[in-house]
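For reference, the structure is listed below as structure tokens.
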Amino acid sequence: MGKKVKDSITIALAGQPNVGKSTVFNMLTGLRQHVGNWPGKTVERAIGKFTHNGKTIELVDLPGTYSLTSNSEEERIARDFIIREKPDVIIAILNATALERNLYLVTELLNFPTPIVLGINMVDVSEHSGIHIEAHVLEAALGMPVIPLVATKNQGLHELMDAALLLAQNPTTFKPNRPTMQSEHQTVLTKMMSILAGNIPHLYPKEWVAIKLLEGDAEITAMIQNKSPKIWKRIEPLLMQHEDAYLDIAGGRYKWIGRMMRASVTQPKAGVITLTDRIDRVATHPTWGVILLFGALGLVFWLTYSLANPFMNWLDTLLIGPLSEFMRSILSATRAWFSGLIVDGILGGAGTVITFLPILVIFFAIIAILEDVGYMARAAYVMDRFMHRMGLHGKSFLPLFLGFGCSVPAIMGSRIIEERRARILTILLAPLVPCTARMAVITFLTPAFFDRGAILITWGLVVVNLVILVLAGVAINKFAFKGAHMAFIMELPLYHLPNLKTIGLFVWRNILSFLRKAGSIILIMSAIVWLFSYLPNQNMEKSLLASLGRWLEPAGKLMGLNDWRYIVALLNSFIAKENTIATLGILFSTNHEGLTLAARLAGTLTPASAMAFLVIQMTFIPCMATLAVIKQEMGEWKWVALSVGLYLLISFIAGISTYWIMNLVTV
Amino acid sequence: MLEKLLNLLREEGIKSVRELSEKLEITPNLVLFMLEDLENRGFIRKINFRSNSPCTKCPLSDLCQGNKDQRVWVFIK
Chain A
11 MGKKVKDSIT IALAGQPNVG KSTVFNMLTG LRQHVGNWPG KTVERAIGKF THNGKTIELV
71 DLPGTYSLTS NSEEERIARD FIIREKPDVI IAILNATALE RNLYLVTELL NFPTPIVLGI
131 NMVDVSEHSG IHIEAHVLEA ALGMPVIPLV ATKNQGLHEL MDAALLLAQN PTTFKPNRPT
191 MQSEHQTVLT KMMSILAGNI PHLYPKEWVA IKLLEGDAEI TAMIQNKSPK IWKRIEPLLM
251 QHEDAYLDIA GGRYKWIGRM MRASVTQPKA GVITLTDRID RVATHPTWGV ILLFGALGLV
311 FWLTYSLANP FMNWLDTLLI GPLSEFMRSI LSATRAWFSG LIVDGILGGA GTVITFLPIL
371 VIFFAIIAIL EDVGYMARAA YVMDRFMHRM GLHGKSFLPL FLGFGCSVPA IMGSRIIEER
431 RARILTILLA PLVPCTARMA VITFLTPAFF DRGAILITWG LVVVNLVILV LAGVAINKFA
491 FKGAHMAFIM ELPLYHLPNL KTIGLFVWRN ILSFLRKAGS IILIMSAIVW LFSYLPNQNM
551 EKSLLASLGR WLEPAGKLMG LNDWRYIVAL LNSFIAKENT IATLGILFST NHEGLTLAAR
611 LAGTLTPASA MAFLVIQMTF IPCMATLAVI KQEMGEWKWV ALSVGLYLLI SFIAGISTYW
671 IMNLVTV
Chain B
358 MLEKLLNLLR EEGIKSVREL SEKLEITPNL VLFMLEDLEN RGFIRKINFR SNSPCTKCPL
418 SDLCQGNKDQ RVWVFIK
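Heads up: the protein sequence lines correspond to chains A and B, in order. Just so we're aligned, residue 11 is where the first sequence starts under the numbering used here, counting upward by one. Just so we're aligned, residue 358 is where the second sequence starts under the numbering used here, counting upward by one.
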């Protein structure tokens with residue numbers, strides 16, 4: 011390097027990482043290259059010498075950088091080279107498939123007076139994916155030579171060198187279109203340039219230094235502060251007055267990139283992108299999107315019911331039933347309490363819960379498919395906008411959305427809310443979003459109580475819960491956030507075909523966790539429930555559990571629950587929601603062998619009582635795991651107590667009103 | 358352009374990258390690129406449902422849905 015010889019031309023090769031810059035360098039220089047390190051740095055430096063059209067050319071490969079800030083050693087090396095060595099021309103290599111990003115480096119290079127030639131590499135790849143770049147149009151818009159390249163096939167490299175050579179010999183013809191800034195910042199820039207004139211090392215272009223100062227560049231700021239403290243005293247107040255200039259400068263660059271892209275690049279008009287566009291026109295539409303979402307929700311229930319019910323009955327009559335008979339016969343020699351505990355308690359309770367499996371497999375599979383094709387992200391987006399129109403706060407909605415899986419992650423997700431009061435309210439409301447366990451219980455019970463309209467009723471129950479949620483959310487927004495502004499930006503991935511393995515894995519993991527729960531807490535509670543229904547005198551109707559249930563019957567009567575067994579089942583759902591079914595399985599077991607639990611439950615409640623029971627089940631006290639997380643997140647027991655109290659109240663009121671309304675409308 | 362984007366983000370509610378790209382008349386890629394820039398400058402924060410914060414301590418994180426590649430940002434200032 012060093013001083014230029016008249017017929018040797020220095021060209022700097024610039025570009026971001028992954029643009030094929032090394033390929034271009036190797037193709038141009040062949041074996042005539044010298045590889046070493048940049049003086050005093052660990053970054054590799056490659057220089058190649060070759061002749062083109064009779065001229066000796068020295069090509070310097072600059073480190074690959076995204077921009078030219080002072081944040082990394084590579085960027086500092088690249089800009090120092092341009093400043094100190096003053097190459098005749100810069101060749102910037104861009105990747106045709108990532109033009110937006112790559113053009114950013116060009117906007118930074120344009121702050122130097124050095125002429126630039128653009129080589130757009132990998133045009134074959136971009137054409138293949140439908141991105142067409144009009145090189146001539148781009149050239150006219152930029153005001154600098156643009157050469158399309160396929161470096162790996164040595165296409166366009168000769169033309170690239172021709173253009174670089176021509177520009178090196180006629181530098182005055184370089185009149186590029188530069189990014190602009192607002193007039194007030196342009197004025198400051200001019201003012202700063204006049205202050206800097208003659209007061210900075212002559213190598214540094216004034217305009218570049220002024221722009222870097224406005225951008226808050228650490229290295230340049232330090233240089234002026236240390237070497238020219240007097241100049242800094244005059245410049246500092248200007249910088250203080252225009253603290254936001256850096257946004258305007260970067261913004262001007264993006265605007266410039268946007269303009270260039272609009273002018274010269276046609277994006278793909280076929281294939282996945284337009285398909286996604288077309289689906290999203292409906293799926294993310296403010297009105298149609300919501301309708302589609304509720305439709306999808308209905309479809310999920312319908313599929314779960316119609317596909318799972320036959321399997322569930324099959325499991326109950328062909329597996330659990332015969333297994334109970336078999337166990338009873340081999341345990342006939344043991345004491346009555348032992349055979350009762352195993353058959354009526356564990357098989358009748360936890361065993362019945364196992365018949366949930368088909369519901370869960372199908373439900374999780376449908377959810378996994380919706381997630382995998384990319385619909386769930388849209389559902390969250392549409393729901394959030396809908397909630398927002400309802401006045402619900404976006405930040406509390408995102409964690410609440412997790413509650414459809416389980417309340418535990420929903421409560422943990424509320425950590426994204428900084429404001430304590432809003433967070434507490436979100437945590438308190440999270441259990442209102444029906445989790446999969448509640449949904450499974452409802453899916454099991456509704457067809458047992460209602461022959462017709464079971465799907466519609468389940469759907470209605472979910473909607474009622476969500477309505478309560480929205481109403482509560484409006485209250486949150488009014489009292490806790492007080493109109494604080496909150497915004498989210500979401501990237502919606504392209505739709506794609508579901509992957510069987512992903513779906514299988516998701517279903518499998520969820521099923522495994524369910525079986526673990528059934529084999530531990532549900533099994534233990536089944537044994538305990540059976541024990542208390544057996545003690546003290548082996549008569550369920552006179553058992554401890556019956557006394558507890560009967561003691562609560564006056565409260566149950568208000569909601570039409572005259573049967574103590576339903577009250578006990580509800581209470582037990584506090585341990586885990588599935589325990590409702592386990593408890594009913596145990597308490598409704600006697601003298602009805604051979605019938606499925608659904609068949610045994612049919613007709614035990616009037617429609618009004620059954621509806622009230624379902625509504626209470628949906629709004630009852632959160633399960634133990636949820637309460638434990640509330641304690642963990644809030645740190646104080648009083649919030650757990652508040653949550654228990656709140657849901658006791660909500661379910662009580664909802665149960666009573668459902669019962670009375672049902673009695674009014676039904677005959 | 359960055360200020361225009363920031364003004365759109367200042368409005369309450371959820372926005373998709375597509376929606377922003379239509380309003381600013383630029384490509385979705387450029388919007389994403391600007392969002393990364395705003396993230397680096399501390400105007401927005403990426404919500405990480407996976408590798409840090411709430412989810413790591415959750416016993417159910419393995420089961421939890423959530424596309425790893427999908428990005429969500431929240432506006433902070």
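Ideal Cβ placement from N, Cα and C applies to all residues, glycine included.
Does the structure place the segment 220-232 of chain A close enough to the segment 256-263 of chain A that three or more beta carbon pairs sit under 8 Å? yes
Kindly indicate if chain A contains any beta-carbon less than 9 Å away from that of B:Gly-399. Your numbering for residue 399 of chain B matches position 42 in the second sequence. Not an interface residue.
Are A:Ser-536 and A:Ile-596 close, meaning C-beta to C-beta below 9 Å? The residue labelled residue 536 of chain A in the question sits at position 526 within the first sequence. The residue labelled residue 596 of chain A in the question sits at position 586 within the first sequence. Yes, the pair counts as a contact, with Cβ atoms nearer than the cut-off.
How about B:Lys-380: is its C-beta nearer than 9 Å to some C-beta of chain A? Position 23 of the second sequence, counted from the start, is the residue given in the question as residue 380 of chain B. No, no contact with chain A.
B:Asn-364: contacting residues in chain A (beta-carbon distance under 9 Å): Numbered from 1 along the second sequence, position 7 holds the residue referred to as residue 364 of chain B. Residues of chain A passing the Cβ test: none, with the nearest at roughly 11 Å.
Same chain, Cβ closer than 8 Å to A:Glu-643, neighbours up to 5 away in sequence not counted: Counted from its first residue, the first sequence places residue 643 of chain A at position 633. Answer for A:Glu-643: Ile-421, Met-422, Ser-424, Arg-425, Ile-437, listed in chain order.
With a threshold of 9 Å between beta carbons, is B:Lys-372 in contact with chain A? Start at 1 with the first residue of the second sequence, and residue 372 of chain B comes out as number 15. Yes, B:Lys-372 counts as interfacial toward chain A.
With a threshold of 9 Å between beta-carbons, can A:Lys-7 be considered close to chain B, or not? Outside the modelled stretch of chain A, which goes from 11 to 677, sits residue 7 of chain A, for which no answer is possible.
Opening and closing residue of the alpha helix (DSSP H) in which A:Lys-237 lies: Residue 237 of chain A sits at position 227 when you count from the first residue of the first sequence. Taken as a continuous stretch (DSSP letters only), the alpha helix (DSSP H) holding A:Lys-237 covers 228-237.
Have a look at A:Ile-103 and A:Leu-23 and give me their C-alpha separation to the nearest angstrom. The residue labelled residue 103 of chain A in the question sits at position 93 within the first sequence. The residue labelled residue 23 of chain A in the question sits at position 13 within the first sequence. Whole-angstrom Cα-Cα distance: 7 Å.
Is it buried or exposed for A:Glu-551, if we count other Cβ within 10 angstroms and need 16 for buried? What you label residue 551 of chain A is simply residue 541 of the first sequence in a count that begins at 1. Result: exposed.
CB contact flag (A:Gly-140, A:Gln-277, <9 Å): The sequence position of residue 140 of chain A within the first sequence is 130, counting from 1. The sequence position of residue 277 of chain A within the first sequence is 267, counting from 1. Yes. Within cutoff.
Segment limits, beta strand (DSSP E) that includes A:Phe-542: Counting from 1 along the first sequence, the entry for residue 542 of chain A is found at position 532. Boundaries for A:Phe-542: no beta strand (DSSP E) harbours it, while the alpha helix (DSSP H) harbouring it runs 533-544, taken from the DSSP string.
Could you tell me which of A:Ser-661, A:Ala-664, A:Ile-663, A:Ala-635 sits nearest to A:Val-650, measuring between CA atoms? Reading the first sequence from its first residue, position 640 is the one you call residue 650 of chain A. Answer by Cα proximity: A:Ala-635.
Could you tell me whether any Cβ in chain B is nearer than 9 Å to the Cβ of A:Ile-499? If you number the first sequence from 1, residue 499 of chain A lands on position 489. Judged by the 9 Å Cβ criterion, A:Ile-499 is in contact with chain B.
Can you tell me where the alpha helix (DSSP H) holding A:Asn-323 begins and where it ends? Translated into positions along the first sequence, residue 323 of chain A becomes position 313. Where A:Asn-323 is concerned, the enclosing alpha helix (DSSP H) stretches over 298-325.
Just to confirm, are A:Phe-414 and A:Pro-444 a CB contact at a threshold of 9 Å? Start at 1 with the first residue of the first sequence, and residue 414 of chain A comes out as number 404. Start at 1 with the first residue of the first sequence, and residue 444 of chain A comes out as number 434. Their beta carbons are under 9 Å apart, which means A:Phe-414 touches A:Pro-444 by this criterion.
Give the straight-line distance between the Cα atoms of B:Asn-409 and A:Ser-204, rounded to the nearest whole angstrom. By one-based count along the second sequence, residue 409 of chain B stands at place 52. By one-based count along the first sequence, residue 204 of chain A stands at place 194. Because B:Asn-409 sits at a pLDDT of 48, beneath the cut-off of 50, its placement in the model cannot be relied upon, and the following sentence gives the value as read from the coordinates. Rounded to whole angstroms, B:Asn-409 to A:Ser-204 spans 49 Å at the Cα level.
Excluding the 5 residues preceding and the 5 following A:Asp-290 in the sequence, name in chain order all residues of the same chain whose CB lies nearer than 8 Å to its CB. For the purposes of this step, residue 290 of chain A is identified with residue 280 of the first sequence, where counting begins at 1. Arg-388, Leu-502.
Under 8 Å: do the segment 655-673 of chain A and the segment 358-375 of chain B share three or more Cβ pairs, one atom per stretch? no
Could you tell me the distance, in whole angstroms, from the CA atom of A:Thr-166 to the CA atom of A:Met-233? Residue 166 of chain A sits at position 156 when you count from the first residue of the first sequence. Residue 233 of chain A sits at position 223 when you count from the first residue of the first sequence. A quick correction: the sequence has Gly, not Thr, at residue 166 of chain A. Roughly 41 Å separates the two Cα atoms.
I'd like the list of long-range same chain contacts for A:Pro-508, defined as Cβ closer than 8 Å, with 5 residues on each side in sequence excluded. Translated into the one-based positions of the first sequence, residue 508 of chain A becomes position 498. Within the same chain, A:Pro-508 has close Cβ partners Ala-378, Ile-379, Asp-382, Val-383.
In three-state terms, what does DSSP make of A:Met-500? Here residue 500 of chain A refers to the residue found at position 490 of the first sequence. Strand, per DSSP.
Which residues mark the beginning and the end of the alpha helix (DSSP H) in which A:Val-451 is found? In the first sequence, counting from the first residue as 1, residue 451 of chain A sits at position 441. Note, A:Val-451: alpha helix (DSSP H), 446-459.
For the candidate residues A:Gly-613, A:Asp-461, A:Gly-355, whose alpha-carbon lies nearest to that of A:Ile-591? Residue mapping note: residue 591 of chain A aligns to position 581 of the first sequence, counting from 1. Selected option, being the one with the closest Cα: A:Gly-355.
Could you have a look at A:Ala-24 and say whether DSSP puts it in helix, strand or coil? Within the first sequence, residue 24 of chain A is the residue found at index 14, counting from 1. Note: A:Ala-24 maps to strand in three-state DSSP.
Against chain B, does A:Leu-525 count as a neighbour if the rule is that its beta carbon must be under 9 Å from one of theirs? Along the first sequence, one-based indexing puts residue 525 of chain A at 515. At a cut-off of 9 Å between beta carbons, A:Leu-525 makes no contact with chain B.
Based on the DSSP secondary-structure assignment, which residues constitute the bridge partners of A:Val-160? Locating residue 160 of chain A in the first sequence gives position 150, counting from the first residue. DSSP, once it has assigned bridges, lists A:Gln-165 as partnering A:Val-160.
Go to A:Thr-590, then tell me how far its alpha helix (DSSP H) extends in each direction, as first and last residue. Against the first sequence, residue 590 of chain A aligns to sequence position 580. In the DSSP assignment, A:Thr-590 falls within the alpha helix (DSSP H) that extends over 589-597.
Which stretch, first to last residue, makes up the alpha helix (DSSP H) that contains A:His-138? The residue given as residue 138 of chain A occupies position 128 in the first sequence. In the DSSP annotation of this structure, the continuous segment of the alpha helix (DSSP H) that includes A:His-138 starts and ends at 133-138.
To the nearest angstrom, how far is the alpha carbon of A:Lys-527 from that of A:Ala-586? Stepping through the first sequence from its first residue, residue 527 of chain A is reached at position 517. Stepping through the first sequence from its first residue, residue 586 of chain A is reached at position 576. Approximately 9 Å between the Cα atoms of the pair.
List the endpoints of the continuous beta strand (DSSP E) containing B:Ile-404. The residue you call residue 404 of chain B lines up with position 47 of the second sequence. From DSSP, the beta strand (DSSP E) with B:Ile-404 extends over 401-404.
Does the beta-carbon distance from A:Leu-6 to A:Leu-479 come in below 9 Å? A question about residue 6 of chain A goes unanswered here, because the residues of chain A that appear run from 11 up to 677.
Per-residue DSSP class, three states only, for B:Asn-397: Taking the first residue of the second sequence as position 1, residue 397 of chain B is located at position 40. Here B:Asn-397 sits in helix by DSSP.
Any idea if A:Ser-334 is buried or exposed, counting beta-carbon neighbours within 10 angstroms, 16 or more meaning buried? In the first sequence, the residue the question calls residue 334 of chain A occupies position 324. With 16 or more other Cβ atoms within 10 Å, it is buried.
Between which two residues does the beta strand (DSSP E) containing A:Glu-68 stretch? The residue labelled residue 68 of chain A in the question sits at position 58 within the first sequence. 65-71 is the extent of the beta strand (DSSP E) around A:Glu-68.
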